[in-house]
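Participant: Those letters in the sequence shown? Residues 1 to 185, by this note's numbering.
Dumping the structure here so I can ask a few things about it.
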Amino acid sequence: MPYPDRYLAEDEEVVRRLHPHWSTLVGPVLVLLLVVGGASFGAALVPVGPQQGMVRLGIVVVSLLVLLALVLRPLLRWRTTQYVITTHRLLYREGVLARRGRDIALSRITDVSYEQSLGQRILRSGTLFVETAGDGGPTVLRTVPDSDGVSQLLTHMIDEDADRRAWADPRGGFDEDADRGGWAY
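Below you can see the structure in the form of structure tokens.
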């Protein structure tokens with residue numbers, strides 16, 4: 001699902017859109033397999049008798065509650081978390097029912113760095129730290145796929161944004177003389 005165009009400025013384009021790394025879903029998938037397998041095994045062990053249906057129903061209800069809490073919730077959190085890099089901004093959105101987000105203009109970003117553990121290096125993910133002018137601390141984006149590549153892309157986009165702003169004239173357009181290599185007065 002592409003990032004909605006209604007949230008973008010007229011001359012803004014999405015460069016890259018990411019969700020947290022797939023490795024965040026490994027735990028929920030393992031829980032899914034264990035709960036389904038355990039519930040099936042438990043239901044098969046229930047002895048025949050008048051309470052058999054109620055016990056099996058109880059197993060199903062408990063299993064569904066565990067699946068909702070430990071599988072569906074993390075899956076929805078992963079699906080609704082987005083890191084979007086555009087030609088003008090870095091956007092961060094998260095939340096299922098209550099949404100939270102942050103838009104950082106590329107011109108305000110002063111430093112981009114990343115951190116990877118050995119396991120994250122193997123899986124090609126990591127944590128991005130985005131420092132901005134005037135803020136108290138970095139914006140931390142966790143489990144970013146290809147965090148080193150995203151860091152380099154953000155640095156490149158910041159440079160392109162600075163170049164674009166440097167060539168723009170005060171009226172918001174581009175100075176044709178400067179575009180041809182001449183001086184504009």
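Even for Gly, the Cβ is constructed at its ideal location relative to N, Cα and C.
Express the C-alpha separation of phenylalanine 41 and glutamate 160 in angstroms, rounding to a whole number.
Facilitator: Within the sequence shown, the letter at position 160 stands for residue 160. Within the sequence shown, the letter at position 41 stands for residue 41. One C-alpha to the other measures close to 59 Å.
Participant: Nearest by alpha-carbon distance to glycine 95: which of Leu106, Leu32, Thr81, Asp103 is it?
Facilitator: As a first step, residue 95 must be located in the sequence shown, where it is residue number 95. Measuring from the Cα of glycine 95, the nearest candidate turns out to be Thr81.
Participant: Should the segment 64-72 be called in touch with the segment 49-56, which here means at least 3 C-beta pairs below 8 Å?
Facilitator: Too few Cβ pairs lie closer than 8 Å, so no.
Participant: If the criterion is Cβ atoms closer than 8 Å, does the pair threonine 143 and serine 117 meet it?
Facilitator: The residue labelled residue 143 in the question sits at position 143 within the sequence shown. The residue labelled residue 117 in the question sits at position 117 within the sequence shown. No, Cβ-Cβ distance for threonine 143 and serine 117 is not below 8 Å.
Participant: So what does DSSP say about alanine 105, is it helix, strand or coil?
Facilitator: The sequence position of residue 105 within the sequence shown is 105, counting from 1. In the structure shown, alanine 105 sits in a strand (DSSP, three-state: E or B).
Participant: According to the neighbour-count rule (16 or more other Cβ atoms, all chains shown, within 10 Å of its Cβ), is tryptophan 167 buried or exposed?
Facilitator: Stepping through the sequence shown from its first residue, residue 167 is reached at position 167. Counting Cβ neighbours within 10 Å, tryptophan 167 comes out exposed, since fewer than 16 surround it.
Participant: Is DSSP giving serine 117 helix, strand or coil here?
Facilitator: Counted from its first residue, the sequence shown places residue 117 at position 117. Coil at serine 117, not helix or strand.
Participant: Look at the alpha carbon of leucine 30 and the alpha carbon of arginine 79, and state the distance between them as a whole number of angstroms.
Facilitator: Mapped onto the sequence shown, residue 30 falls at position 30. Mapped onto the sequence shown, residue 79 falls at position 79. Their Cα atoms are separated by approximately 18 Å.
Participant: Would you kindly work out how many angstroms separate the C-alpha atoms of leucine 33 and leucine 45, rounded to a whole number?
Facilitator: Position 33 of the sequence shown, counted from the start, is the residue given in the question as residue 33. Position 45 of the sequence shown, counted from the start, is the residue given in the question as residue 45. Going from the Cα of leucine 33 to the Cα of leucine 45 covers about 18 Å.
Participant: Do you know whose CA, among Asp103, Arg99, Leu128, lies nearest tyrosine 114's CA?
Facilitator: Numbered from its first residue, the sequence shown carries residue 114 at position 114. Checked all of Asp103, Arg99, Leu128; the closest Cα to tyrosine 114 is Leu128.
Participant: Can you tell which of Arg16, Leu153, Leu91, Leu25 has its C-alpha closest to the C-alpha of leucine 76?
Facilitator: As a working note, residue 76 is residue 76 in the sequence shown. For leucine 76, the nearest C-alpha among the options comes from Leu25.
Participant: If you measure between the beta carbons of isoleucine 85 and leucine 153, is that distance less than 8 Å?
Facilitator: Translated into positions along the sequence shown, residue 85 becomes position 85. Translated into positions along the sequence shown, residue 153 becomes position 153. Closer than 8 Å, so yes.
Participant: Does the Cβ-Cβ distance between leucine 18 and tyrosine 92 come in under 8 Å?
Facilitator: Taking the sequence shown and counting its residues from 1, the one referred to as residue 18 is at position 18. Taking the sequence shown and counting its residues from 1, the one referred to as residue 92 is at position 92. No. Outside cutoff.
Participant: If we ignore side chains and look at the alpha-carbon of each, how far apart do tryptophan 183 and aspartate 148 end up?
Facilitator: As a working mapping, residue 183 is identified with position 183 in the sequence shown. As a working mapping, residue 148 is identified with position 148 in the sequence shown. Because the pLDDT of tryptophan 183 is 43, which lies under 50, any placement of that residue in the model is unreliable, and the number read from its coordinates should be weighed accordingly. Going by the C-alpha atoms only, they are around 38 Å apart.
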